[in-house]
Structure formats: structure tokens, C-alpha cells
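For reference, the structure discussed in these notes is given below.
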Amino acid sequence: MQTCIVFLLEVVGFLPLWKKPYELAELVQGRCCTDFVKAGAKQGLTPSDVVLAADITFSCVADPQAAKDMVFGNCGVLTEISPDKSYVEMTGIDAETSQDIAEAINGKGGRYLEAQVQGSKTQAQEGTLVILAAGDRSLFDECQSCFEAMGKNSFFLGEVGNASKMNLVLQLMAGVTLAALAESMALADRAGLRQKDILEVLELTSLACPAILEKGKAIVEGGFPTQLPLQHMQKDLRLSLSMSDQLEQPLPLAAAANEVYKHARRLGDASAVYIRARF
């Protein structure tokens, strides 16, 4: 999200900003809140301060519970929401959480849009993320300049919840694919095959895609730079499985992959699930 903040500053020129107190000292890509303030952002003491200072507020936090705390918590977003305020939720959340937030925002006359993000840290830096949005169409249209700064494409998917559902479907696909890649590379290693050779051949097949090749390279190099935090991938798999329970749709592969991610989630990047697959 820190890269997106830089792009938003370039578009709007002025950006109220808030971050959890215990995160303020963290350096992210060589930046912290004070760096953003120097670049033109205005730092608020609470989420409600940000809403008060802005017509449209963007939020991107760790998980559904953090998203709810941001809105319903003490000095939260809901405190300052009014008919002339709008709220864009970019946290990876489930449809139910998004609908709860939408009802609260709309109940105070505000506009709500869920804007789920597809892409890696590299894509964020390049401004080539994909934005999946649902909710208030007029707000989606007004946010186009911001979405264009962050991503290469943005899609409006109708009523609240649709974007969250599509995001979870895509994340499930990515999670299972990366788990399969990790097990394949682990098998190659046990079989005495050079993983570098596996990647070179893979790159020439129809299975080749940037995500698989990027994670495959990380496995070969063993560095696992954080492009897609493993804990976020596991969170999305968990939410996908919860959605499947509600819809009574069996997901045996996703359930198995989720167990692998649960055991490996402290290792950093999603490609580090390979370490778990080896043992």
C-alpha cells in the first residue's frame, strides 16, 4: 500500500494519512509516515481525523477484523461519515465484512466502494495492479484517476460483495498453484534434478506465467523476498474456504494447500512454502 500512497500523492497532491501507532516507526521501502508527510501528505492522529479532512477515504489494512476496527472502533471512520463523505475499502476481505461496512457507511449517508487489489509488490511499484471494485458506481467513476495511478485496469462488478468474492476466487487459484509449484520443486530436488533446469524448461511451456516464474526463481535462489506475504495468502485461502462452506462447494485442493500455508506462514513470502513442502 505504501507504493500506492506515493502514486496517490502524485495524482491528488494532498493526502490525509493515518497508520497504526505501533507501525509509525517502521520503514517500508525506505519510507515511513514522516516521508509521506514531507511529500505532501497530512498525518492524522486517528482514522476519524482522516475522514474529516478528506472527501474520499481509502483504507488498506491487514485483514477483515482490522478493517472492521478501522470503521467501528474508537475514533473510527464511522464517527465522521456524512452524506458528503465516501469510503473505499481496499483490504482483502470477505463479502460479509464488506457488506457490514457498506451498511454502516450508507446508513450515515456516505458512499461505499470495495476495491480489491490483484497483484504483487513488483506490480504495485510499477503501477500495474488490477483493481476489482463493487458498490457505488458514481464513486467508482470518481476514483478512476486514483485507480489509474495504481493499476493498469479497473473493473466494476456490481453490488457490494462481488469484488470480494472474485478476489478470493483468484487468490484461491494463486494459492493452490504456488503450493503445487513448491511441491514440484521439492520433488525435483529429491529426484536429483536441477531446479534451475526445471524453470528453464517450464518457461518454454504453456504453464509459464510471470507469477509462477517469479516464485520459481525465488525458490531456486532461496532468498524469498517478500512480494506476496505468506500470511496474507493463507488469510485469503481461509476466507475462500469459509465462502465454500457457506455455498456447500467442496474445495479439497484448497483445504490441503491451506494446511501447508498455515505451517509455513511465519517464513515471509508465499514462495517460502517450498521450505515446508520439502519436509
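If you read the sequence shown in my numbering, its first letter stands for residue 4, the second for the next number, and so on.
Each residue gets a CB set at the ideal place from its N, CA and C atoms; glycine is no exception.
In this text the structure is predicted, and so the values were computed from the model without any measurement.
Could you tell me whether the stretch 192-207 touches the stretch 163-173, using the rule of 3 or more Cβ pairs below 8 Å?
no
Mind listing, in chain order, the continuous beta strand (DSSP E) runs of no fewer than 3 residues lying wholly within the stretch 123-157?
132-138
Does DSSP classify Lys88 as helix, strand or coil?
coil
Going by DSSP, which residues form a beta bridge with Phe61?
DSSP output for Phe61 lists Val91 as bridge partner(s).
Kindly indicate which residue of Val204, Glu83, Gly112, Glu151 has the alpha-carbon position closest to the one of Gln126.
Glu151
Measure from the alpha carbon of Gly161 to the alpha carbon of each residue in Leu135, Ala183, Ala257, Gln147, then state which is nearest.
Leu135
For the alpha helix (DSSP H) that contains Glu186, what are its first and last residues?
165-193
Under 8 Å, do Leu240 and Ala260 count as touching if we go by C-beta distance?
yes
If Val80 sits next to Val54, beta carbons under 8 Å apart, how far is it from one beta carbon to the other, in whole angstroms?
5 Å
Quick one: what does DSSP say Leu283 is sitting in, helix, strand or coil?
The structure shown does not extend to residue 283, since the chain spans only 4 to 282, so no value can be given for it.
Within 10 angstroms of its Cβ, does Asp139 collect 16 or more other Cβ (buried), or is it exposed?
buried
Three or more C-beta pairs closer than 8 Å, one from the stretch 99-106 and one from the stretch 174-183: is that the case here?
The way I'd put it, the stretch 99-106 doesn't touch the stretch 174-183; fewer than three beta-carbon pairs between them come closer than 8 Å.
Closer than 6 Å by C-beta to Ile84: which residues in its own chain qualify, once you throw out the five before and the five after it? Chain order, please.
Ile108, Lys111, Gly113
Apart from the five residues on each side of it in sequence, which residues of its chain come closer than 8 Å, Cβ to Cβ, to Leu142?
Hits under 8 Å: Ile59, Ser89, Val91, Arg114, Tyr115, Leu116.
Give the straight-line distance between the Cα atoms of Val163 and Val204, rounded to the nearest whole angstrom.
43 Å
Hey, would you say Gly219 sits closer than 8 Å to Leu184, going by beta carbons?
Contact flag set, yes.
Less than 8 Å separating the beta-carbons of Met93 and Gly130?
No, the Cβ-Cβ distance between Met93 and Gly130 is not below 8 Å.
Could you give the DSSP three-state label for Glu117: helix, strand or coil?
In this structure, Glu117 counts as strand in the three-state DSSP scheme.
Once the 5 residues before and after Asp1 are set aside, which same chain residues still bring their CB inside 8 Å of it?
Here the chain comprises residues numbered 4 to 282, so residue 1 is not present and cannot be evaluated.
For a quick check, are the C-beta atoms of Gln121 and Val133 less than 8 Å apart?
yes
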